[in-house]
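Report on the following structure.
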Ligand SMILES: Cc1cc2nc3c(=O)[nH]c(=O)nc-3n(C[C@H](O)[C@H](O)[C@H](O)COP(=O)(O)O)c2cc1C
């Protein structure tokens, strides 16, 4: 079924030895190192000049991170990112979270964890860890691969997703002033250590609170402290709090209500910082609406991976094809390309067959490589049959070529060869940002003195 394509794409999957030839020093933050406390005292104008300005980004080849695909464990692996990049050239792609310890202990096997094909730029490595020494070493080791940004996620927490969560968990324990202060200091120090060992921007991804520690002021204290202690100038805000007790990570992504008003208040109260909004945005319509309301950047998770069954407050059915397919034209204003699923799959087939079994022990196998494709035909004729055929083909097919031959007969040519519709499907999520400015919390008044006392 699949015709052979021009496979230059595959030959460009290279390892660190080749990648190190490239230099990406576009966002040097050297000017911010040294006395970190001073960094907050720089004029807003001076700081802004170090940020992701459109001019710098475009001159440096990549467009700004107006749209990014969220880090998702077991989902945003190399295979998924390969597929995503075939569909969108401009979206920023985040890796799955990689523990600093993994990088340090696998020093002789780093390509397995860190190598990526150059097409995946702009790409962000998300690192996690609770040991400053390992974070420093891991960052240094990752430098050889030339990620465009390092994003930090702390593992210093009981069962949650962000350093912020742990921080607030500490704060929730009576008499936990010391732990809290230690943790705040740790996140600031972690960011300093990471920044000191790389010359690409460093960013933090966090939630807006945890349990009943969900006031806007507490969130601001965190942002204020981390940006004071480190050169961090860009925060990715997952706009719902985390519930610690008895709520699964999955439910934690749907049950806590979205509070986009906190995000927009951060834009007002920290004009010298950059913020990306994340959580529950499930279409390019929603992305553009968030940006029209002032968001610097928008990060989309589940809707860029699989069909979206339920994302509160909206229940929208969408697919990665519809989400990613419109990013370049509808978000970045690039010329519309008449790309079809057939073309994407031709190139993906070449990639998949070139990496099958290369990690050892038969991995990645066909199932690993098909996983990112499972939402591609969502709600299209033939999707159900295709999935049933796929189940059987996982057992019998040894190559992606044979897998496609076996299964794609289920999908009509009219689906395979249809370009994206001229306009992205409406989702209704644009309304989410319409009246937010009336809901913003009271402005944050930096509590310098109290914070200094608490966290000295
Ligand atoms: C399967 C899965 C794995 C995730 N893994 C991570 C992770 O490794 N690091 C992280 O910061 N967030 C992780 N997240 C959270 C997402 O990055 C994102 O913040 C969350 O899904 C909300 O965005 P969305 O509503 O657009 O999906 C994960 C989410 C999912 C669904």
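Numbering (the working numbering), first residue to last: 16 to 471.
All C-beta atoms in this analysis are idealised placements derived from N, C-alpha and C, irrespective of residue type, glycine included.
Problem set entry | Cβ-based burial, residue 385 [other Cβ within 10 Å; buried from 16] | For this step, residue 385 is matched to residue 370 along the chain shown. Buried: at least 16 other Cβ atoms inside 10 Å.
- Quick one: what's got a C-beta closer than 7 Å to residue 247's C-beta in the same chain, skipping five residues either side? Taking the chain shown and counting its residues from 1, one reaches residue 247 at position 232. Counting only residues of its own chain and dropping the five nearest sequence neighbours on each side, residue 247 has a CB closer than 7 Å to the CB of 206, 217, 218, 219, 241.
**Limits of the alpha helix (DSSP H) - the one that residue 240 falls within** = As a first step, residue 240 is located in the chain shown; it is residue number 225 there, counting from the start. Counting along the chain, the alpha helix (DSSP H) containing residue 240 begins and ends at 231-244.
Original post:
Are residue 85 and residue 315 close, meaning C-beta to C-beta below 8 Å?
Top reply: Locating residue 85 in the chain shown gives position 70, where the first residue counts as 1. Locating residue 315 in the chain shown gives position 300, where the first residue counts as 1. Going by C-beta atoms, residue 85 is nearer than 8 Å to residue 315.
Original post:
Going by Cα to Cα distance, which pick from 439, 231, 103, 427 is closest to residue 275?
Top reply: Locating residue 275 in the chain shown gives position 260, counting from the first residue. Measuring from the Cα of residue 275, the nearest candidate turns out to be 231.
Next item on the list: Kindly give me the distance between the Cβ atoms of residue 91 and residue 116, rounded to whole angstroms, as I take these residues to be in contact under 8 Å.
Entry: Translated into positions along the chain shown, residue 91 becomes position 76. Translated into positions along the chain shown, residue 116 becomes position 101. Between residue 116 and residue 91 the Cβ distance is about 20 Å, and since that is not below 8 Å, they are no contact.
* Who are the Cβ neighbours of residue 155 in its own chain at under 7 Å, not counting the five residues just before and after it? -> Along the chain shown, one-based indexing puts residue 155 at 140. Annotation for residue 155: 212 place their beta carbon closer than 7 Å to its own, counting only its chain and skipping 5 residues before and after.
Just curious, the beta strand (DSSP E) that residue 110 is in, first and last residue?
Taking the first residue of the chain shown as 1, we reach residue 110 at position 95. 107-114 is the span of the beta strand (DSSP E), which, as asked, contains residue 110.
Output needed for residue 446: all residues of its chain with C-beta closer than 8 Å, excluding positions within five of it in sequence on either side, in chain order. If you number the chain shown from 1, residue 446 lands on position 431. Excluding positions up to five away in sequence, the list reads 304.
Point to revise | Any non-hydrogen atom of ligand 1 within 7 Å of residue 306 CB | key: Position 291 of the chain shown, counted from the start, is the residue given in the question as residue 306. Answer for residue 306: no, Cβ out of range of ligand 1.
ask   = How about residue 456 and residue 277: do their beta carbons lie closer than 8 Å?
value = Taking the first residue of the chain shown as 1, we reach residue 456 at position 441. Taking the first residue of the chain shown as 1, we reach residue 277 at position 262. It is a contact, given that the beta carbons lie within the stated cut-off.
So residue 106 packs on residue 342, CB below 8 Å; how close in whole Å?
Locating residue 106 in the chain shown gives position 91, where the first residue counts as 1. Locating residue 342 in the chain shown gives position 327, where the first residue counts as 1. That pair is a contact at about 5 Å.
Review point. What did DSSP end up calling residue 414 once you bin it into helix, strand or coil?
Key: Here residue 414 corresponds to residue number 399 of the chain shown, with the count starting at 1. Coil at residue 414, not helix or strand.
Checklist entry - Do residue 293 and residue 251 have their C-beta atoms within less than 8 Å of each other? => result By 1-based counting over the chain shown, the position of residue 293 is 278. By 1-based counting over the chain shown, the position of residue 251 is 236. It is a contact, given that the beta carbons lie within the stated cut-off.
Q) Do you know how far the Cα of residue 377 is from the Cα of residue 127? A) Your numbering for residue 127 matches position 112 in the chain shown. Your numbering for residue 377 matches position 362 in the chain shown. Straight-line Cα distance between these residues: approximately 14 Å.
- [ ] Note the first and the last residue of the continuous beta strand (DSSP E) segment covering residue 146.
- [x] By 1-based counting over the chain shown, the position of residue 146 is 131. It is not in any beta strand (DSSP E) - residue 146 carries neither H nor E in the DSSP assignment.
Task: Cross-strand partners of residue 483 (DSSP beta bridge) - done: Because the chain in this structure spans residues 16 to 471, residue 483 falls outside the shown range and cannot be described.
Next item on the list: Please confirm whether any heavy atom of ligand 1 lies closer than 7 Å to the CB of residue 88.
Entry: Within the chain shown, the letter at position 73 stands for residue 88. Yes, Cβ of residue 88 sits closer than 7 Å to a heavy atom of ligand 1.
task: Let me know the beta strand (DSSP E) ranges lying completely inside the stretch 306-394, each 3 residues or longer, listed in chain order.
output: 312-315
- Message: Is residue 296 a contact residue of ligand 1, with contact defined as CB to any heavy atom under 7 Å?
- Response: Against the chain shown, residue 296 aligns to sequence position 281. Yes; taking the cut-off as 7 Å, the Cβ of residue 296 has a heavy atom of ligand 1 nearer than that.
>> Whole angstroms are fine: how far does the CA of residue 79 sit from the CA of residue 348?
In response: Residue 348 sits at position 333 when you count from the first residue of the chain shown. Residue 79 sits at position 64 when you count from the first residue of the chain shown. Each residue's Cα considered, the two are about 12 Å apart.
Does DSSP put residue 252 in a helix, in a strand, or in coil?
Translated into positions along the chain shown, residue 252 becomes position 237. Three-state DSSP puts residue 252 in a strand.
Would you kindly work out how many angstroms separate the C-alpha atoms of residue 351 and residue 438, rounded to a whole number?
-> Against the chain shown, residue 351 aligns to sequence position 336. Against the chain shown, residue 438 aligns to sequence position 423. Their backbone Cα atoms lie some 10 Å apart in a straight line.
Legend entry - Alpha-carbon to alpha-carbon, residue 166 and residue 353: Walking along the chain shown from the start, residue 353 turns up at place 338. Walking along the chain shown from the start, residue 166 turns up at place 151. The alpha-carbon of residue 353 is positioned some 33 Å away from that of residue 166.
I'd like to know whether the C-beta atoms of residue 225 and residue 150 end up nearer to each other than 8 Å.
The residue given as residue 225 occupies position 210 in the chain shown. The residue given as residue 150 occupies position 135 in the chain shown. Cβ distance not < 8 Å, so residue 225 and residue 150 don't count as in contact.
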